[in-house]
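A.B. asks:
Residue numbers (our numbering), protein chains in the order written: chain A, 67 to 322; chain B, 359 to 590; chain C, 178 to 406.
What follows is the structure, encoded as structure tokens:
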């Protein structure tokens, strides 16, 4: 009984110690569920374009970086709560988000687009979308787009991850999903997406979609923001950005 | 503390609460209807009746509810033969998938509670009933049933509270019940503290009221155990 | 044979994380359950009322909401409070910490009742005799109450532990890479939800079955020497 009590107390102290640690590395968060920008491979390692960019920036800044995974809808809350210091997760720069955090210049630009089942003939307009079930990921600009433009027209279904809404689209529970165009065009190349297709044009409406994907930091970290912007400009100028992008994309994702 | 936000969010949260109550109500009713036969099968002397019931209870009490939700909602959609069958009209909807998952889960737990209650009915009474020549059905209806239901009350009241809390998991399969609505508002406003306080408060009100209902029911059903006159 | 598409290893790693979370939560929960029970038996009304309030709140709110609230709201709250006191650094509640706090806390809230009932079940005469012999309060607690409380409380605590183990699946929602989360990642990759969620279900089933069995053995051992009716 005595030994057990001691063991329990030791566990408790170890745990409390683990909880209250102040980290001295630069902690970078990404989602890990958004291939090819960020994903987790079968061995459990974080991979993808966002991951590569983050590592390249760290190298240029000479910073000691640690990457961690964070669920999408906890991204900004987590940053504000100081769980991590930087978000490199294909997060679109929007006015609403700028109220809470600061962004670097965009590191790529991506419109969004509706994806639906082949041959569904879905018309992207207020009439064509009336009453349809559209899937989006919670806390994204695409959700905001639907809320802004088609609020009382469509049934918006919120999902934790993009994969889950794609699963439901393939299963026939959704009439369409709205997601980032580049991400979806990579997805459409896969065999399991063979009966899906794009519907309607690329959507670039800045007021909902934003100015491109940026790197987010807390408002008070002005030094960090400056360093990141400088490092980003450097890797774009010296061709590293292009090199990393060509690993994943056959087209130019930085139209600036 | 952003009280203004809390006030603005309240109507939406209440809408979600209505859906929560719907889910809980349906799951309770259908769950009880399923639990009674399961419990009866479980106490059967015949192995071929007992074992399936035992297996059902074992599986659904031994696995997390979250896994059960995902199995019903995402798992079943993996199979083409399900998607092309008539079942799909029901299984398509996250609403029905949630009801199914909640019902199956609560029926397993309730079944076990009922089993305990049935087996707790005093042996002596059963023997007396058999000696009087009662059939199994009469035994059940006259002796075991009424007493088992009373004995099951504490365990069942626990299960009802757990069901109210379990309904929160429906938010993981896109349903906009109370927790789902709360998470959405937080995703847009970034104010978790205010919203979880509000949502937690609403859940507390629900569980508190459920507890009071059961306290009242137990009070009424235990008249024979209270002192006869004078004290109350 | 069932094809796991190469995810077998990561499922195993997830299982190990699940086991770790459940053990840490158990340690946390047992400790605070005892604290709570002692608080509820206290002579001072404010302490009793405070403990009662906390346990009622924790028992009345869904575990999922608790996990989310501790993870998202907890850090915000703590950092706000600390900045009032001028502390400029940060305290982080990571996913593991939040999970243990929420799940362990739920266990503790229920365990408080169990311990309280078990402590009251020890015949008062024994405590009086110990006091007459001059034992001080902590010694009485350690020598007389604790061993017997353990025997009375074990079945109920065992039940709560089984519930705790299943609740660990909820920590997947805040991103901890335990079994459920790893299964979801595998599903995202392979698009085979039934395969992986069923595999996860069976692993959980194995965990709870082994635990039930062990608990039964522990109950038998704890009640050795007690005259059975």
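In this text, a Cβ means the ideal position worked out from N, Cα and C, and glycines have one as well. All of these numbers come straight from a predicted model, not from anything done at the bench.
If you run the structure through DSSP and keep just helix, strand and coil, what is residue 422 of chain B?
C.D. replies: Coil at residue 422 of chain B, not helix or strand.
A.B. asks: What residues are listed by DSSP as bridge partners for residue 95 of chain A?
C.D. replies: Paired residue(s): A/134 and A/153.
A.B. asks: In chain order, which alpha helix (DSSP H) runs of at least 4 residues are fully inside the stretch 428–492 of chain B?
C.D. replies: Listed in chain order, the complete alpha helix (DSSP H) runs (minimum 4 residues) inside the stretch 428–492 of chain B are 438–441, 446–449, 452–478 and 481–489.
A.B. asks: For residue 238 of chain A, which residues in chain C fall below 7 Å Cβ to Cβ?
C.D. replies: Ordered by position in chain C, no residue passes the 7 Å Cβ test against residue 238 of chain A, which lies about 14 Å from the chain.
A.B. asks: List the DSSP bridge partners of residue 203 of chain A.
C.D. replies: Answer is A/225, bridged to residue 203 of chain A.
A.B. asks: Would a check of beta-carbon distances place residue 422 of chain B closer than 8 Å to chain A?
C.D. replies: No, residue 422 of chain B lies away from the interface with chain A (no Cβ there is under 8 Å from its Cβ).
A.B. asks: Just by C-beta distance, which residues in the stretch 156–184 of chain A are closer than 7 Å to chain B?
C.D. replies: The residues in question are 166.
A.B. asks: Classify residue 560 of chain B: buried if its beta carbon has 16 or more other beta carbons within 10 angstroms, exposed otherwise.
C.D. replies: Buried, since its Cβ has 16 or more Cβ neighbours within 10 Å.
A.B. asks: Could one say the Cβ of residue 545 of chain B lies closer than 8 Å to chain A's Cβ atoms, at least one of them?
C.D. replies: Yes, contact with chain A.
A.B. asks: Does residue 381 of chain C have its Cβ less than 8 Å from a Cβ in chain B?
C.D. replies: For residue 381 of chain C, the answer is yes, since a Cβ of chain B falls inside 8 Å of its Cβ.
A.B. asks: For residue 100 of chain A, count neighbouring C-beta atoms within 10 Å of its own C-beta (all shown protein chains included) and say buried if the count is 16 or more, exposed if not.
C.D. replies: Buried, since its Cβ has 16 or more Cβ neighbours within 10 Å.
A.B. asks: Measure the C-alpha to C-alpha separation of residue 381 of chain B and residue 343 of chain C and round it to an integer number of angstroms.
C.D. replies: Each residue's Cα considered, the two are about 22 Å apart.
A.B. asks: Secondary structure at residue 316 of chain A, three-state DSSP: helix, strand or coil?
C.D. replies: DSSP places residue 316 of chain A in coil when its eight states are reduced to three.
A.B. asks: Among B/513, B/365, B/489 and B/476, which residue has its Cα nearest to the Cα of residue 499 of chain B?
C.D. replies: Looking at the Cα atoms, B/476 is the closest of the given residues.
A.B. asks: With DSSP as the reference, please indicate the residues paired to residue 182 of chain A in a beta bridge.
C.D. replies: DSSP, once it has assigned bridges, lists A/242 and A/263 as partnering residue 182 of chain A.
A.B. asks: So that I know if they touch, is there some Cβ in chain B lying closer than 8 Å to that of residue 151 of chain A?
C.D. replies: Closer than 8 Å: no.
A.B. asks: Name the chain A residues that come within less than 7 Å of residue 550 of chain B, Cβ to Cβ?
C.D. replies: Near residue 550 of chain B (Cβ distances below 7 Å), the residues of chain A are 143.
A.B. asks: Given 8 Å as the limit, is there contact between the stretch 98–116 of chain A and the stretch 155–170 of chain A, that is, 3 or more CB pairs closer than that?
C.D. replies: Contact between the stretch 98–116 of chain A and the stretch 155–170 of chain A is present, because at least three Cβ pairs lie under 8 Å.
A.B. asks: Since residue 113 of chain A sits in a beta bridge, which residues does DSSP pair it with?
C.D. replies: Answer is A/105, bridged to residue 113 of chain A.
A.B. asks: With 8 Å as the C-beta to C-beta threshold (strictly closer), list the residues of the stretch 362–374 of chain C near chain B in chain order.
C.D. replies: Listed by position, the residues of the stretch 362–374 of chain C near chain B (Cβ gap below 8 Å) are 364, 368, 369, 370, 371, 372 and 374.
A.B. asks: What residues match up with residue 344 of chain C in a beta bridge as DSSP calls it?
C.D. replies: Paired residues: none, contrary to the question.
A.B. asks: Would you say residue 183 of chain C lies against chain A (beta-carbon separation less than 8 Å)?
C.D. replies: Chain A contact via Cβ: present.
A.B. asks: Rank A/278, A/305, A/132 and A/247 by C-alpha distance to the C-alpha of residue 265 of chain A and give the top, closest one.
C.D. replies: Of the listed residues, the one whose Cα sits closest to residue 265 of chain A is A/247.
A.B. asks: Whole angstroms are fine: how far does the CA of residue 422 of chain B sit from the CA of residue 201 of chain C?
C.D. replies: When rounded, the distance between both Cα atoms is 18 Å.
A.B. asks: At which residues does the alpha helix (DSSP H) containing residue 212 of chain C begin and terminate?
C.D. replies: Start and end: 185–217.
A.B. asks: Measuring straight from C-alpha to C-alpha, what distance separates residue 87 of chain A and residue 274 of chain C?
C.D. replies: Summary for residue 87 of chain A: the model assigns pLDDT 45, below 50, so the residue's position carries little reliability, and this model does not support an answer.
A.B. asks: Where does the unbroken beta strand (DSSP E) through residue 283 of chain A begin, and where does it stop?
C.D. replies: It spans 279–283 - the beta strand (DSSP E) in which residue 283 of chain A sits, taken as one unbroken run.
A.B. asks: Under 7 Å Cβ-Cβ, which residues of chain A neighbour residue 190 of chain C?
C.D. replies: Residues of chain A passing the Cβ test: 110.
A.B. asks: Check each residue of the stretch 513–542 of chain B: if its Cβ is closer than 8 Å to any Cβ of chain A, include it; give the result in chain order.
C.D. replies: Those would be 530, 532, 534, 538, 541 and 542, in chain order.
A.B. asks: Taking beta-carbon pairs under 7 Å, can you tell me which members of the stretch 435–454 of chain B lie near chain A?
C.D. replies: The residues in question are 435, 441 and 450.
A.B. asks: Rounded to whole angstroms, what is the Cα-Cα separation between residue 424 of chain B and residue 299 of chain A?
C.D. replies: About 45 Å.
A.B. asks: Residue 385 of chain C to residue 193 of chain C, Cα distance in whole Å?
C.D. replies: Each residue's alpha carbon lies about 14 Å from the other.
A.B. asks: Is it buried or exposed, residue 517 of chain B, if we count other Cβ atoms within 10 angstroms and call 16 or more buried?
C.D. replies: Flag for residue 517 of chain B reads buried.
A.B. asks: Just tell me which of C/388, C/360 and C/394 has its CA closest to the CA of residue 378 of chain C.
C.D. replies: Nearest option by C-alpha distance: C/360.
A.B. asks: CB-CB under 8 Å to residue 374 of chain B, same chain, minus the five flanking residues each way: which ones, in chain order?
C.D. replies: Correct list, in chain order: 534, 535, 536, 537, 538, 539 and 540.
A.B. asks: For a test of the three-state rule: what should DSSP assign to residue 216 of chain A, helix, strand or coil?
C.D. replies: In the structure shown, residue 216 of chain A sits in coil (DSSP, three-state: anything other than H, G, I, E or B).
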